[in-house]
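*Asks:* The numbering used here applies: residue 42 is where the sequence shown begins, and numbers increase by one. Quick reminder that beta carbons are idealized off the backbone N, C-alpha and C, glycines included.
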Amino acid sequence: MIDTRYATFSESYDVPPHLGILLHLHTPTGDYTVQSGFLGKEYSADTHYRIASVTKTFTAAAIMLLDQQGLLDIYDTVTSSIPGSKDPYLPDTDDFAIPYKDRITIKDLLSHRAGVFDVFNDPIPIESDEPYAGMNYIGYIQDTENDEPHRYSLSELAAVIAKDHLTYGEPGTLYHYSDSGYMLLPVIIERVSGIPYDQFLSEHFFVPMGLHDTTAVFEPNDTLLPEPYFEGYSRWDAEYFNTTEDNMSSNIGAGNIISTPKDMASWMRLLLSGQSPLKSSQITLMTEIPEGNNAYALGLSKTSVGIGHSGAHPGYLNFVIYDETSDVSMVVVMPFIDYNEGNMDHVSAASQMMIEIMETAVRIYSEM
């Protein structure tokens, strides 16, 4: 099943034979792991990789837990005072003076309906007076930094938006996926809880839920993955390059978590089957899709095979999905990405293949 689909895909996109794909299933009757490619090298469900945007499920769960505890209200605007405090959710500073700030709710950020410009993925408009006008800000910093990795801060990234009043539109009026919108949520988590974002995730989710191989990295020098790990490859021009090492301080809250297929399958199944610190009412809110799109809710997305999230980052593509009917969670990891396709055709085709593999896996399991 996985061999046939991956072979067709790899032939169509000229994928080198040392690359491959892994599928892990976490089911009521046991765990199953299969793979294809990798020149026969064996990987397991305990192999580390960058989960990329699947990080957003943890960030959203943290916000929903604070909401459940009465420490914040997701319907509050980000300029509102934190309950029991005079301090606003986001700092009242020039760095955080983003467009429509007084109208953006925490829920808008969770559902990508806040209109927050995405510094991580989109180029800064050419009309800007900044030296990075017409460029991607992260790429600009990478090209101009010295030997030491740049320590990105959440206030720095917010300031890029604030300086040029960058926005996709009024909050609540449209859906526009934004990593930068999610990078504002750790600021709120830290100001409300009084502890660092990574510590909050560890104390409330990683440790109590047994996710022992999951970490939220934030230091610029923390560029390696724990052993064992998938080496990640990215293609530019005609060649794939090893892009495993990376400075993730630019993507806190939106894509900075490292985990394993085993941990991620466990996380999604526990979260969506009501076995996490979140009450069922909070999970219901997280899976309700606001008007304006047909898939994305609050840190979770609906697909033809179930609910979960996908993630793409240099070197890594992955899906983490839970199917309620069969009570099966699935993780598909493909540790490579092709940036030659300007229209993202490679990512689209890879995503479709991964969805089909999961659909087939659930069907086979249900017929067992």
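Just list the residues that DSSP pairs T118 with in beta bridges.
*Replies:* Paired residue(s): T146.
*Asks:* Let's test the definition: count the other Cβ atoms within 10 Å of the Cβ of K142 and tell me whether it reaches 16, buried, or not, exposed.
*Replies:* Its Cβ being crowded by 16 or more others within 10 Å, K142 is buried.
*Asks:* Among T45, T88, Q109, L195, which residue has its Cα nearest to the Cα of T134?
*Replies:* Comparing Cα positions, the closest option is L195.
*Asks:* Mind checking which residues open and close the beta strand (DSSP E) that includes I378?
*Replies:* 377–379 is the extent of the beta strand (DSSP E) around I378.
*Asks:* Do the stretch 297–306 and the stretch 102–115 touch if we need at least three Cβ pairs shorter than 8 Å?
*Replies:* Touching, no, given that fewer than three Cβ pairs across the two stretches are closer than 8 Å.
*Asks:* Note down the Cα distance separating D254 from L311, rounded to an integer number of angstroms.
*Replies:* Looking at the two C-alpha atoms, the distance is approximately 16 Å.
*Asks:* Less than 8 Å separating the beta-carbons of A295 and F161?
*Replies:* Closer than 8 Å, so yes.
*Asks:* Could you give the residue range of the beta strand (DSSP E) that holds A295?
*Replies:* Taken as a continuous stretch (DSSP letters only), A295 belongs to no beta strand (DSSP E), as it is neither H nor E.
*Asks:* Exposed or buried, which one is D188 when buried takes at least 16 other CB atoms within 10 Å?
*Replies:* With fewer than 16 other Cβ atoms within 10 Å, it is exposed.
*Asks:* Which residue wins for smallest C-alpha separation from E168, given the options H67, K204, D114?
*Replies:* The candidate whose alpha carbon is nearest that of E168 is K204.
*Asks:* Candidates V157, N334, S367, I202: which alpha carbon is nearest E171's?
*Replies:* The option with the nearest alpha carbon to E171 is I202.
*Asks:* Measuring straight from C-alpha to C-alpha, what distance separates D128 and G235?
*Replies:* Using only the alpha carbons, I get a separation of about 12 Å.
*Asks:* Give the straight-line distance between the Cα atoms of A209 and Y223, rounded to the nearest whole angstrom.
*Replies:* It should be noted that the sequence gives Tyr, not Ala, for residue 209. Rounded to whole angstroms, Y209 to Y223 spans 15 Å at the Cα level.
*Asks:* In three-state terms, what does DSSP make of P227?
*Replies:* Helix, per DSSP.
*Asks:* Where does T264 sit, in a helix, a strand or coil, going by DSSP?
*Replies:* Coil, per DSSP.
*Asks:* Secondary structure at Y90, three-state DSSP: helix, strand or coil?
*Replies:* Strand.
*Asks:* Tell me whether S314 sits in a helix, a strand or coil according to DSSP, three-state version.
*Replies:* S314: coil per DSSP, three-state reduction.
*Asks:* Give me the DSSP bridge partner(s) of D364.
*Replies:* Paired residues: V369.
*Asks:* With E280 as the anchor, note down where its beta strand (DSSP E) starts and where it stops.
*Replies:* First-last of the beta strand (DSSP E) with E280: 280–283.
*Asks:* Do D117 and Y130 have their C-beta atoms within less than 8 Å of each other?
*Replies:* Yes, the Cβ-Cβ distance between D117 and Y130 is below 8 Å.
*Asks:* Alpha carbon to alpha carbon, how far is T401 from Y274?
*Replies:* Going from the Cα of T401 to the Cα of Y274 covers about 27 Å.
*Asks:* Under 8 Å Cβ to Cβ from S342, same chain only, skipping five residues before and after it: list those, please.
*Replies:* Counting only Cβ-Cβ distances below 8 Å, and skipping sequence neighbours, we find A336, I348, G349, H350, S351.
*Asks:* Would you mind reading off the limits of the beta strand (DSSP E) that contains A353?
*Replies:* Unbroken beta strand (DSSP E) run through A353: 348–354.
*Asks:* So the beta strand (DSSP E) H65 belongs to, where does it begin and stop?
*Replies:* Taken as a continuous stretch (DSSP letters only), the beta strand (DSSP E) holding H65 covers 61–68.
*Asks:* Rounding to the nearest angstrom, what Cα-Cα distance links M289 and I298 in this structure?
*Replies:* So the two alpha carbons sit approximately 9 Å from each other.
*Asks:* Between the Cα of T344 and the Cα atoms of S314, S392, I182, W308, which residue gives the shortest distance?
*Replies:* Residue S392 is the option with its Cα nearest to T344.
*Asks:* Based on the DSSP output, what are the partners of Q240 in its beta bridges?
*Replies:* DSSP, once it has assigned bridges, lists no residue as partnering Q240.
*Asks:* Three or more C-beta pairs closer than 8 Å, one from the stretch 270–284 and one from the stretch 355–366: is that the case here?
*Replies:* Yes, the stretch 270–284 touches the stretch 355–366.
*Asks:* Can you name the start and end residues of the beta strand (DSSP E) that V75 belongs to?
*Replies:* 71–78 is the extent of the beta strand (DSSP E) around V75.
*Asks:* Any idea what DSSP makes of A203, helix, strand or coil?
*Replies:* Helix.
*Asks:* Going straight from the alpha carbon of S317 to that of I182, what length do you get?
*Replies:* Each residue's Cα considered, the two are about 39 Å apart.
*Asks:* Could you pull the start and end residues of the alpha helix (DSSP H) that S392 belongs to?
*Replies:* Where S392 is concerned, the enclosing alpha helix (DSSP H) stretches over 386–407.
*Asks:* Check whether the Cβ atoms of I229 and L113 sit closer than 8 Å, and answer yes or no.
*Replies:* Yes. Within cutoff.
*Asks:* Identify the continuous alpha helix (DSSP H) that holds Y178 and give its terminal residues.
*Replies:* Segment 178–185, the alpha helix (DSSP H) holding Y178.
*Asks:* Within 10 angstroms of the Cβ of T49, are there 16 or more other Cβ atoms? Answer buried if so, exposed if not.
*Replies:* Under this definition T49 is an exposed residue.
*Asks:* If you follow the alpha helix (DSSP H) that Y173 is in, where does it begin and where does it stop?
*Replies:* Segment: none, Y173 is in no alpha helix (DSSP H) and carries neither H nor E.
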